[in-house]
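Listed in order, the protein sequences are those of chains A and B. Position one of the first sequence corresponds to residue -10 (our numbering), numbered consecutively onward. Position one of the second sequence corresponds to residue 27 (our numbering), numbered consecutively onward. Glycine residues also receive a C-beta, built at the ideal position from the N, C-alpha and C atoms.
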Amino acid sequence: MIAAAGRRVGAGLLVLWVAATAAYVALLAAPGDTVDSIIGDGPDSPLIRSQIIAEWGLDRPVILQYVDFLWRAVQGDLGRSYLLQRPVTEVIGAQLWPSLKLALAAAGVGIVLAVVLAVTTRRRWARRISSVSELIVVSTPPFLIGIVLLSVFSFHFGLFPVSGDRDLSALVLPALTMGLPIAGTLAQVLRDGLDRALDEPFAVTARARGLRENAVLVRHALRHALLPAVALLGWSFGVLIGGTVIIESVFGRPGLGQVAVSAVSSGDMPVVMAVVVFSAAGFVLVNTVADLAFLLIDPRLRRS
Amino acid sequence: MTVALTRPFTGRLGSTSRSRPRTGVAVAVAFLLLALAAAAVPGLFAGDPLAADPLRVLEAPSAAHWFGTDQLGRDVFDRVVHGARHSLSIGVAATGISVGAGLLLGLLAGLTHRYADEALSRGFDALSAFPLVLLALLFIAVAGVGTTSLIVAIGLAMMPHYARVVRAQTFVVRRAAYVTHAVAFGGSRIRLVLRHVLPNVLGPVPVLAMIGLGESIMIAAGLSFLGLGPQPPSPEWGAMISEGRGYLHVAWWASILPGAVVTAVVIALTVTGRRLQRRFEGREAA
């Protein structure tokens, strides 16, 4: 058990290191002179340039700068934004909560909707309708779902605000937009899992004990069907991060995605790097937790 | 002649005998052919995508303008048809890059030394640990905004997906009898790989690429929606949706109808791809 857990944590750290290194290579490969990017529109003179080089340590060998970058990253210091002249962690920290709020709400919507769909649409025709709508939702670019929802519920019916992040009502449409594709995929997996679980001997036994079909479904089969769904946790985190980038732009919400897009457009590499390393860390964390949850849920995995 | 007799019974026979409704697949294939035709000769189906008519701004869909007009009075349907060339070629090029690179790296991982395999596989793991959109963003941050870097970004982001499949397939093929025989006959290594390993590794790749194409088209539309792809006035689908977003309160058609076309293409690719997958794997999926 401990060895298996240790191996998973180690693999997570490895991915994190690769992510940080990839981000650093991206920084080196980015076009333009670093000093130019830091100066931006500010005053420019040979003296200022040499000060910047000394301050940022740009005259040292690349390898030393890389090791220094890693060392500071471990301590939670991801550098300074070229444009905003503030520590990157501060820039990101300020935008973290709006994004996290959206991601959590979307995950909640997706999971609840998927479970309800998979459990209630057991009849043949309901199942067909449900799988067709799942296919449509999964094949629709998420930002289009957002635009359709915006058009119907904000512009036509005027139920929700068009943009911003003032109160809870502003969260409804973005969370629904991001939650729907997750629900679509998750519902398919859950439905397959339910089908398989209901064929198992334990389902027959439960029925033989006189349990009603609904009780067999919810109390017994659903638990087994949840196992493969837990495996999708990591995947859905990726969808959520990728989603925030685009959905925040559709709904004009503040957040990490907005920071990332504007940093990419303006060439503010430290911010781009930090967003990448940061979301890799989140991803690794979620995946490691999902793996460890597996070990707890399913004792068969502990032996290997 | 005896081949037919000794051929093992596969599930394929069983699955074709049970007839499933094929109309969905037929519609999907027809739609894809139409989209291809639009990409090849857009002039056949639609007029000038850049012709602006200031007197007919933001008009609702009608017989004259099937998809309505946008904020400059351009016909949205004309733009969607011409956009097929941009959007489809971005998707196809990106998929080409990811399949090509995936094949090469997957073969390398499957055929070379154990340590090389270990390093490459961990690399694939790390790459697929990132959300596709984020990887593509990182690449665009380095390479700059533009259509070419959009294509390469999506191609690289999707590469590990194919590389893993090819690697797994290579492990199966290299142990097959015909490969061991070919080794015994002493052909050159390159010939061995090209003649015997590669064609057999390719098996599942085309169908995967078809489904993957839908995904690349979707991501490309998303990134160009953010303004990281072809720039206006180019009639690329994502860029059109983004332009139309600003006029959503008065003209839903300018962004939602191009979006519906993107969705239709992705659904058609997925439906066709899944159908082919079921046929090749000889199994009937739910």
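Close-in-space but distant-in-sequence residues of the same chain around residue i (CB under 6 Å, 5 per side omitted)
{"i": "A172 (chain A)", "result": "G99, L102, A103"}
{"i": "I42 (chain A)", "result": "D48"}
{"i": "A277 (chain B)", "result": "L84"}
{"i": "L129 (chain B)", "result": "V192"}
{"i": "D257 (chain A)", "result": "S70, Y71, L72"}
{"i": "A247 (chain B)", "result": "W263, G264, V288"}
{"i": "P75 (chain B)", "result": "D104, R105, H108, P261"}
{"i": "A30 (chain B)", "result": "Here A30 (chain B) scores only 41 on pLDDT, less than 50, and its place in the model should not be relied on; the value that follows carries that caveat. Taken in chain order, the list of residues that qualify is empty."}
{"i": "A19 (chain B)", "result": "There is no way to answer for residue 19 (chain B), as the model of chain B reaches only from 27 to 312."}
Separation of residue j from residue i, as counted between CA atoms
{"i": "L274 (chain B)", "j": "L59 (chain A)", "result": "46 Å"}
{"i": "D181 (chain A)", "j": "A214 (chain A)", "result": "8 Å"}
{"i": "V278 (chain A)", "j": "G231 (chain A)", "result": "20 Å"}
{"i": "D57 (chain A)", "j": "R38 (chain A)", "result": "21 Å"}
{"i": "I216 (chain B)", "j": "A135 (chain B)", "result": "15 Å"}
{"i": "T110 (chain A)", "j": "L148 (chain A)", "result": "29 Å"}
{"i": "F142 (chain A)", "j": "L295 (chain B)", "result": "30 Å"}
{"i": "V219 (chain A)", "j": "A96 (chain A)", "result": "12 Å"}
{"i": "N203 (chain A)", "j": "L124 (chain A)", "result": "26 Å"}
{"i": "L4 (chain B)", "j": "D188 (chain A)", "result": "Any answer about residue 4 (chain B) is impossible in this case: the structure gives chain B only from 27 up to 312."}
{"i": "V205 (chain A)", "j": "P190 (chain A)", "result": "12 Å"}
{"i": "V248 (chain A)", "j": "L160 (chain B)", "result": "12 Å"}
{"i": "F251 (chain B)", "j": "H207 (chain B)", "result": "53 Å"}
{"i": "F306 (chain B)", "j": "V178 (chain A)", "result": "22 Å"}
{"i": "S251 (chain A)", "j": "L218 (chain B)", "result": "50 Å"}
{"i": "G229 (chain B)", "j": "G126 (chain B)", "result": "14 Å"}
Beta carbon proximity, residue i to chain A, threshold 8 Å
{"i": "D151 (chain B)", "result": "yes"}
{"i": "P186 (chain B)", "result": "no"}
{"i": "L158 (chain B)", "result": "yes"}
{"i": "V292 (chain B)", "result": "yes"}
{"i": "S45 (chain B)", "result": "Residue placement at S45 (chain B) is poorly supported in this model, since its pLDDT is 46, which falls under 50; the coordinates are not used for a value here."}
{"i": "A89 (chain B)", "result": "no"}
{"i": "V171 (chain B)", "result": "yes"}
{"i": "F93 (chain B)", "result": "no"}
{"i": "G281 (chain B)", "result": "It should be pointed out that residue 281 (chain B) corresponds to Ser in this sequence rather than to Gly. True, the Cβ-Cβ gap to chain A drops below 8 Å."}
{"i": "M244 (chain B)", "result": "yes"}
{"i": "L176 (chain B)", "result": "no"}
{"i": "L114 (chain B)", "result": "no"}
{"i": "T289 (chain B)", "result": "yes"}
Residue-chain proximity (residue i, chain B), Cβ-Cβ < 8 Å
{"i": "A269 (chain A)", "result": "yes"}
{"i": "T129 (chain A)", "result": "yes"}
{"i": "P254 (chain A)", "result": "Checking the sequence, you will find Ser at residue 254 (chain A) rather than Pro. Yes, contact with chain B."}
{"i": "I118 (chain A)", "result": "no"}
{"i": "P308 (chain A)", "result": "Past the edges of chain A, shown from -10 to 293, lies residue 308 (chain A), and the structure says nothing about it."}
{"i": "S251 (chain A)", "result": "no"}
{"i": "S238 (chain A)", "result": "yes"}
{"i": "V7 (chain A)", "result": "yes"}
{"i": "M258 (chain A)", "result": "yes"}
{"i": "L124 (chain A)", "result": "yes"}
{"i": "P87 (chain A)", "result": "no"}
{"i": "P170 (chain A)", "result": "no"}
{"i": "L3 (chain A)", "result": "yes"}
{"i": "S294 (chain A)", "result": "Absent from the model: residue 294 (chain A). The displayed extent of chain A is -10 to 293, so no value can be given."}
Simplified DSSP state of residue i, which is helix, strand or coil
{"i": "T138 (chain B)", "result": "coil"}
{"i": "P35 (chain A)", "result": "helix"}
{"i": "T95 (chain B)", "result": "strand"}
{"i": "P20 (chain A)", "result": "coil"}
{"i": "D101 (chain B)", "result": "strand"}
{"i": "P76 (chain A)", "result": "strand"}
{"i": "R69 (chain A)", "result": "strand"}
{"i": "S250 (chain B)", "result": "helix"}
{"i": "Q177 (chain A)", "result": "helix"}
{"i": "H112 (chain B)", "result": "helix"}
Own chain, CB closer than 7 Å to residue i, minus 5 neighbours either side, in chain order
{"i": "R69 (chain A)", "result": "R75, P76, V77, P259"}
{"i": "L138 (chain A)", "result": "L162, L165, T166"}
{"i": "T194 (chain A)", "result": "none"}
{"i": "L285 (chain A)", "result": "none"}
{"i": "V292 (chain B)", "result": "G240, I243, M244"}
{"i": "A85 (chain A)", "result": "The question names Ala, but residue 85 (chain A) is Leu in the sequence shown. Excluding sequence neighbours, L85 (chain A) sits near L245."}
Integer Cβ distance of residue i from residue j, believed to fall under 8 Å
{"i": "V178 (chain B)", "j": "R200 (chain B)", "result": "Contact doesn't hold; Cβ gap of about 31 Å is too wide."}
{"i": "A72 (chain B)", "j": "D104 (chain B)", "result": "4 Å"}
{"i": "L234 (chain B)", "j": "A189 (chain B)", "result": "Going by Cβ atoms, the distance from L234 (chain B) to A189 (chain B) rounds to 11 Å, so no, they are not a contact pair."}
{"i": "R242 (chain A)", "j": "P131 (chain A)", "result": "Not a contact, Cβ separation roughly 14 Å."}
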